[in-house]
Structure formats: structure tokens, C-alpha cells
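Undergrad: The sequence shown begins at -1 in the numbering used here and counts up by one.
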Amino acid sequence: MSHLNEYLAEKRAAVLARNAAVSSGTAQPAQLKAHVRAEGRSGVRRLRIREHQVISDSPPDFAGYNLGPSSPELQLGVLGTCVTHIFLIQAAERQVPLESLEVEVTGVIDPRGGKPGHEQTPIWPHEIGYTVHIDSPASRAEIDALFEAVERTCPILNLLRNPQTIRAEVRHTDSSAAPRLAA
């Protein structure tokens, strides 16, 4: 069985190097970018981040083909991956040994949300929670301190708990106008 402890040694070196860059003033903010395009005929959403691609789709009961997770499911998954990563970072930094680490994230989305008779039902994922399964020889006090550090420093967890103002704009074009003008 493969354990996380060898990886945590590598992670610790990376964390210490990143912390040194922050301390020395050489670390800079990273610009994040994601691009999503809805595909014709299927409505599948192709999410591209750097050189990576994820397909998002709806279940059949919402005109989807079930080719990938829905957006609310992806959000829960993103929370889970971030919590997991921050546990690894904090364990590496604190030298807390981990044999294994798993995070389960749950939530509810109600298709009736906002509809007549359900005006008070949220339209967004709610009742979100996560459970961490840790196999470690560390003491309960060390695990509790690790958990507190994760809760304090996890970017996505804190984004969801402290939402940001999101700026938005729509850039409208009419590609059907060009053929009409040429005619």
C-alpha cells in the first residue's frame, strides 16, 4: 500500500521554497483563467484551464447526456480537491505524517428552488459539508491543529464562506447579421 509520507517530504520542500519567496518579497500574485464553451447539438460545457480540459454536462432529466459532472457537482469537487490539497500542504509544513487522506463533500441542489411555492428554497448548492478521513499516527491534538489550519487557509473553503463581489459583462455579437448585410 502506498502512503502519502514520501510525497509529503516533496511537498514540504515546495512549501518551504514558496514560503521563502513570500518572505523575501519575490512571490507575486498568479493570474487565474478558465474558459468554457457550450458545444452545439449537445450543450456540453468544455472547461479549459491551462492545458487541461474537463467536460461538464447535465443528467438526462435536464436535457444532458451525462458525459460529465454538472456545475454544482464540480463546485463540490473543487471544494474537496482544495481542502485535500491544503491538508497536504499543512501536513507537510507541520511534519504531520499521513498514511492516507480522503475528503467527501456533500450538498443539496433542489430544482424547485425559486419556483412558485418554493421561493425560499435556494437555487444554489446548499447544506454543503465535508468529512475528512485521515489515517495518521499523529496525536489527536496534532490532527485538530492541522484541521484548524486548513479551515483558516483553504482558499476555496474561505471563498465559499466569504463570497466575493464578481464583476460581469456581456459582449453581444450577432453572427447572423453578416449574411443579411451581404445579401
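Yeah, the Cβ is synthetic: ideal placement off N, Cα and C, and Gly gets one too.
The structure presented is a predicted model; accordingly, all values stated were derived computationally and were not measured.
Measuring only between beta-carbons, confirm whether residue 107 sits less than 8 Å from chain B.
TA: No chain B is present in this structure, which holds just one protein chain.
Undergrad: Taking the continuous beta strand (DSSP E) assigned at residue 124, which residues delimit it?
TA: 124 to 133 is the span of the beta strand (DSSP E), which, as asked, contains residue 124.
Undergrad: To which residues does DSSP link residue 104 through a beta bridge?
TA: 127, per the DSSP bridge assignment.
Undergrad: Looking at residue 105 and residue 124, is the spacing between their C-beta atoms short of 8 Å?
TA: Yes, the pair counts as a contact, with Cβ atoms nearer than the cut-off.
Undergrad: Can you give the Cα-Cα distance for residue 110 and residue 34, rounded to whole angstroms?
TA: Each residue's Cα considered, the two are about 26 Å apart.
Undergrad: Give a yes or no on contact between the region 67 to 81 and the region 90 to 108, applying the rule of three or more CB pairs nearer than 8 Å.
TA: Because the criterion of three Cβ pairs below 8 Å is met, the region 67 to 81 and the region 90 to 108 touch.
Undergrad: Does the region 126 to 139 touch the region 55 to 66, meaning 3 or more C-beta pairs lie closer than 8 Å?
TA: Segments in contact, no.
Undergrad: Helix, strand or coil, according to DSSP, for residue 34 in the structure here?
TA: Correct three-state label for residue 34: strand.
Undergrad: Which residues does DSSP list as the beta-bridge partners of residue 46?
TA: The partner list for residue 46 (beta bridge, DSSP) reads 33, 51.
Undergrad: With burial defined as no fewer than 16 other Cβ atoms inside 10 Å of the residue's Cβ, what is the status of residue 20: buried or exposed?
TA: Its Cβ having fewer than 16 others within 10 Å, residue 20 is exposed.
Undergrad: Please report the straight-line C-alpha distance between residue 13 and residue 90, rounded to a whole angstrom.
TA: C-alpha separation (whole angstroms): 8 Å.
Undergrad: Would residue 81 and residue 155 be called neighbours here (beta carbons separated by less than 8 Å)?
TA: The answer is yes: Cβ separation under 8 Å.
Undergrad: Report the rounded CA-to-CA distance for residue 139 versus residue 133, giving the unit in angstroms.
TA: Looking at the two C-alpha atoms, the distance is approximately 14 Å.
Undergrad: Look up residue 99 in the DSSP assignment and give the residues it is bridged to.
TA: Per DSSP, 132.
Undergrad: For the candidate residues 166, 59, 78, 43, whose alpha-carbon lies nearest to that of residue 52?
TA: Of the listed residues, the one whose Cα sits closest to residue 52 is 43.
Undergrad: Residue 160 by DSSP, collapsed to three states: which one?
TA: Note: residue 160 maps to coil in three-state DSSP.
Undergrad: For the ligand HEM, is there any heavy atom lying closer than 7 Å to the beta carbon of residue 136?
TA: In the structure on display, the ligand HEM does not appear, and there are no ligands present to speak of.
Undergrad: Anyone know if the C-beta pair for residue 88 and residue 28 falls short of 8 Å?
TA: No, Cβ-Cβ distance for residue 88 and residue 28 is not below 8 Å.
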